[in-house]
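End of the sequence shown sits at 105 in numbering that gives the first Met the number 0; the numbers just go up one at a time, nothing left out. Virtual Cβ for every residue (Gly too), placed ideally from N, Cα, C. Worksheet: the structure to be examined is printed underneath.
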Amino acid sequence: MENADSRLQQHFFKVFSKVFSLETQEKYLITSMQSIELMHLHRNKFRIVENLHDLFCRGNKNYKQALENMQEYNLSRVVTYHCSFPDLSGEKKHAIVDFPTIRSIQ
Numbered sequence: 000m001e002n003a004d005s006r007l008q009q010h011f012f013k014v015f016s017k018v019f020s021l022e023t024q025e026k027y028l029i030t031s032m033q034s035i036e037l038m039h040l041h042r043n044k045f046r047i048v049e050n051l052h053d054l055f056c057r058g059n060k061n062y063k064q065a066l067e068n069m070q071e072y073n074l075s076r077v078v079t080y081h082c083s084f085p086d087l088s089g090e091k092k093h094a095i096v097d098f099p100t101i102r103s104i105q
């Protein structure tokens with residue numbers, strides 16, 4: 000069980016550094032954004048469409064590589080969902096994701 004927890008933690012920090020890095024914040028000059036904006040950023044960062052195209056059409060990725068990419072994408076979405084501040088309207092896509100708050104849990 001400890002090995003699984005350790006692997007999950009390492010995987011989390013890998014995804015965390017990929018998505019929530021200071022370089023990303025400096026590039027977009029942001030400290031917070033809405034969940035919908037972050038979702039579009041994630042799609043670009045993880046290249047979801049290209050990942051699936053490589054797997055199904057080109058055949059230059061195996062399912063393990065494609066699955067790892069999708070797991071990283073999903074993990075980043077889960078982290079942002081749990082670390083966001085709800086919007087008054089109740090819409091999840093308008094929730095505010097604050098990067099300093101997320102970085103503090105690291």
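Between the CA atoms of residue j and residue i - distance to the nearest angstrom
i	j	result
D97	I35	13 Å
Q8	N2	10 Å
H52	L40	19 Å
A94	R42	18 Å
R6	R76	19 Å
N59	I47	15 Å
P99	M32	12 Å
S103	H81	14 Å
Cβ-Cβ distance between residue i and residue j below 8 Å
i	j	result
L66	V14	no
F84	N68	no
- Contiguous beta strand (DSSP E) assignments of at least 3 residues, all confined to the region 20-91: Here the runs fully enclosed are 31-33.
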